[in-house]
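Residue numbers (the working numbering): 47 to 722.
Ideal Cβ positions, reconstructed from N, Cα and C, are used throughout, including at glycine.
1. Apart from the five residues on each side of it in sequence, which residues of its chain come closer than 6 Å, Cβ to Cβ, to residue 341?
2. Tell me whether residue 611 is buried or exposed, calling it buried when 16 or more other Cβ atoms sit within 10 Å of its Cβ.
3. Which of the three DSSP states, helix, strand or coil, is assigned to residue 105?
4. Jot down the residue ranges of each uninterrupted alpha helix (DSSP H) in the stretch 541-606, minimum 4 residues, whole runs only, in chain order.
5. Considering Cα atoms alone, identify which of 162, 173, 451, 160 is closest to residue 238.
6. With distance defined between alpha-carbon atoms, name the residue in 155, 159, 87 nearest to residue 126.
7. Select from 120, 69, 718, 662 the residue whose C-alpha is nearest the C-alpha of residue 528.
8. Since residue 82 sits in a beta bridge, which residues does DSSP pair it with?
9. Start and end of the beta strand (DSSP E) containing residue 12?
10. In this structure, does DSSP put residue 310 in helix, strand or coil?
11. So the candidates are 307, 317, 338, 384; which of them puts its Cα closest to the Cα of residue 361?
12. Note down, in chain order, each residue of its chain lying with its Cβ closer than 6 Å to the Cβ of residue 78, except the 5 sequence neighbours on either side.
13. Please return the same chain residues whose Cβ sits closer than 7 Å to the Cβ of residue 532, not counting the five positions on each side in sequence.
14. Given residue 383, which residues of its chain have a CB within under 8 Å of its CB, disregarding the five upstream and five downstream residues?
15. Rounded to a whole number of angstroms, what is the C-alpha to C-alpha distance between residue 246 and residue 349?
16. Pull up the distance between the alpha-carbon of residue 259 and that of residue 403, whole angstroms please.
17. Applying the criterion that 16 or more other CB atoms from any shown protein chain within 10 Å of the CB defines a buried residue, is residue 95 buried or exposed?
18. For the putative contact between residue 288 and residue 254, defined by C-beta atoms under 8 Å, what is the C-beta separation to the nearest angstrom?
19. Just mark residue 261 as buried or exposed, buried being the case when its beta carbon has 16 or more other beta carbons within 10 Å.
20. Could you tell me which whole alpha helix (DSSP H) segments of length 4 or greater appear in the stretch 393-466?
21. Mapping DSSP to helix, strand and coil, what is residue 327?
22. State the start and end residues of the unbroken beta strand (DSSP E) segment that holds residue 637.
23. Rank 373, 117, 397 by C-alpha distance to the C-alpha of residue 343 and give the top, closest one.
24. Find out if the Cβ-Cβ distance for the pair residue 586, residue 710 is shorter than 9 Å.
25. Is it true that the CB of residue 705 sits closer than 9 Å to the CB of residue 696?
26. Alpha carbon to alpha carbon, what distance is there between residue 567 and residue 559?
27. Is it right to say residue 451 is buried, meaning 16 or more other beta carbons lie within 10 angstroms of its own, or is it exposed?
28. Going by DSSP, what residue range makes up the beta strand (DSSP E) through residue 377?
29. Could you give the DSSP three-state label for residue 501: helix, strand or coil?
30. In the structure shown, what three-state DSSP assignment does residue 712 receive?
Right, dumping it as structure tokens:
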């Protein structure tokens, strides 16, 4: 096709492309990798290319296999194609053929069906939701009751093993909670085979085996689909890339679109390395680029581009924009993380354009959603989960509170005895339950004290009993602190849960009301109770990928969250922050805290001094500071009275007999001490 005909094609269908997009549309034959920066119009380019292949090159639609990452992406691609070309494409000889878009799993289902037709075998039953099976096997393998989060974690690990095609020596290294993953994985595989069932990841595994073992089926699909297009290639797993490679054959007409800089689904076994190895895996391959970002201002584009350049495992790109200059990046400086929710509520009271608050994980959103609802601010939320409410920390808090009220409850005792730090042996715990005598003991820990209290441990047991008794009188805030610091062993990974609970608890709130509030909040999130017309959007970065907002607030970008604690792939953590930045069209705000390490923010500030400014956020606690004679409660030292004021410090006489001089501002802002 000559240039005039190409221009007529674009004009007829009202398609506007830049020079890089035009090159990608017209390059039809051979293996092509198109690397597209955020906001560069990759979907428009992909659809224009399909139209070009059909209407300009005479390729029948049913010869083109277009693979997308999700069902939602498939529907969106279909809709956008129909908006440009109509419901059905019309070829030169007037045959009307519907263009089809598929997920890889849909393709694999077709491969399995072809195998069944050819061999006469019996198809395994597809189980879309395996949570029940995993829960049953978890209890059997580990002799423990899994939380909702642990069931989800188990499912992700099992899927990761299959998608990454891990050998047994690598599987042995994986864990689910504190348990080795291998026994559960093996039990799951046996169960599914014995019951002739398969999950979505088994579809991939079985399809790959069929393509390798049966050349006639492999050849049938190659002849049917001589042209393959793959969208969101950076999110495609290792086994999916292998299936695509086999289908493409030795002389592939393969068009793969993606961006390794936006690969943030490592926990789902996304394999961006395939993009980096594209030229090695496909002889004669070409790599094209879409580098113009149509979404964001120059300040956002340049800052994000310099930030992601810190990564080593990437193709070098030069992201640019033709948009006019906009607002500087805002670094909002707060004294502590505790103040961010009050600050955000203040900012979101009356937004005029679509504004997103983005975070690394679901848990960070829970207090924000609570305070948005409390303040009557309409919001939308995306991809929120309720696993926080079934986490072991919350389950243990409820158990310890219930046990304090009924210290003879054997079921709860067996769930919590080993979490107290007393190093109680299981046989001793069982014997304690069997030996309980209500005439001799006021509870099961009294029984344990009677049976096993050695001289060196008696004081620890008595202290634990005293703390449990204290729970019965505590306000909710005090109960959380008592359990965290004095009753339950807490590891580093659990401290964030206690932090969020202290954000949620309010002054003077009793325990029962607080627990009821948590149950209500869980229901709100589970039922997606929000306003679809709201301008405020609450989302994790993962759920916001592919979307854009006029203004974005990034918060909780602290060491241990973003980047995640003990992250295996620090480059993926940087990519998550980069994706968050590039959701913003006009304004990007990053919330910072004086009391936290923020590695990514430090890097960004060093690189973007000329396109950013620091503003001070007013995050003083609404509780105020303290007065002489005021009764207070400290999260570690218990209750007391303020007996003196010395500048910015207060002197507290605690009921335990301890007297301390404490920084008032630090204790209020970090929720360490409160008025009661």
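On the basis of the supplied data:
1. As a first step, residue 341 is located in the chain shown; it is residue number 295 there, counting from the start. Taken in chain order, the residues that qualify are 85, 594, 631.
2. As a first step, residue 611 must be located in the chain shown, where it is residue number 565. That one is exposed.
3. One-based indexing of the chain shown puts residue 105 at position 59. DSSP places residue 105 in coil when its eight states are reduced to three.
4. 541-550, 557-572, 587-590
5. Taking the first residue of the chain shown as position 1, residue 238 is located at position 192. When each option's Cα is compared against that of residue 238, the closest is 173.
6. On the chain shown, position 80 is the one that residue 126 refers to. The option with the nearest alpha carbon to residue 126 is 87.
7. Along the chain shown, read from residue 1 onward, the residue named residue 528 stands at position 482. For the residues 120, 69, 718, 662, the minimum Cα distance to residue 528 belongs to 718.
8. For the purposes of this step, residue 82 is taken as the residue at position 36 of the chain shown. DSSP, once it has assigned bridges, lists 336 as partnering residue 82.
9. The shown model of the chain, from 47 to 722, leaves out residue 12, and the question about it has no answer.
10. For the purposes of this step, residue 310 is taken as the residue at position 264 of the chain shown. Of the three classes helix, strand and coil, the one that applies to residue 310 here is coil, per DSSP.
11. Residue mapping note: residue 361 aligns to position 315 of the chain shown, counting from 1. Checking every option, the nearest Cα to that of residue 361 belongs to 307.
12. For this step, residue 78 is matched to residue 32 along the chain shown. Contacts found: 301, 332.
13. Numbered from its first residue, the chain shown carries residue 532 at position 486. Within the same chain, residue 532 has close Cβ partners 513.
14. Start at 1 with the first residue of the chain shown, and residue 383 comes out as number 337. Counting only Cβ-Cβ distances below 8 Å, and skipping sequence neighbours, we find 545, 602, 604, 639, 641, 642.
15. On the chain shown, residue 246 is found 200 positions in, with the first residue counted as 1. On the chain shown, residue 349 is found 303 positions in, with the first residue counted as 1. Roughly 39 Å separates the two Cα atoms.
16. Taking the first residue of the chain shown as 1, we reach residue 259 at position 213. Taking the first residue of the chain shown as 1, we reach residue 403 at position 357. About 49 Å.
17. Within the chain shown, residue 95 is the residue found at index 49, counting from 1. When all chains shown are included, residue 95 counts as buried.
18. As a first step, residue 288 is located in the chain shown; it is residue number 242 there, counting from the start. As a first step, residue 254 is located in the chain shown; it is residue number 208 there, counting from the start. Sure, about 6 Å apart at Cβ, within 8 Å.
19. Position 215 of the chain shown, counted from the start, is the residue given in the question as residue 261. Result: exposed.
20. 411-420, 438-451, 456-462
21. By one-based count along the chain shown, residue 327 stands at place 281. In the structure shown, residue 327 sits in a helix (DSSP, three-state: H, G or I).
22. Locating residue 637 in the chain shown gives position 591, where the first residue counts as 1. Following the DSSP letters along the chain, one finds residue 637 inside the beta strand (DSSP E) bounded by residues 630-639.
23. Looking up residue 343 in the chain shown gives position 297. When only C-alpha atoms are compared, the closest one is 373.
24. Residue 586 sits at position 540 when you count from the first residue of the chain shown. Residue 710 sits at position 664 when you count from the first residue of the chain shown. No, these two residues do not count as a Cβ contact at 9 Å.
25. Translated into positions along the chain shown, residue 696 becomes position 650. Translated into positions along the chain shown, residue 705 becomes position 659. Taking 9 Å as the Cβ cut-off, residue 696 and residue 705 do not qualify as a contacting pair.
26. In the chain shown, the residue the question calls residue 559 occupies position 513. In the chain shown, the residue the question calls residue 567 occupies position 521. Rounded to the nearest angstrom, the two C-alpha atoms are 12 Å apart.
27. Locating residue 451 in the chain shown gives position 405, counting from the first residue. Exposed, since its Cβ has fewer than 16 Cβ neighbours within 10 Å.
28. Locating residue 377 in the chain shown gives position 331, where the first residue counts as 1. Taken as a continuous stretch (DSSP letters only), the beta strand (DSSP E) holding residue 377 covers 375-380.
29. Along the chain shown, read from residue 1 onward, the residue named residue 501 stands at position 455. Coil.
30. On the chain shown, position 666 is the one that residue 712 refers to. In this structure, residue 712 counts as helix in the three-state DSSP scheme.
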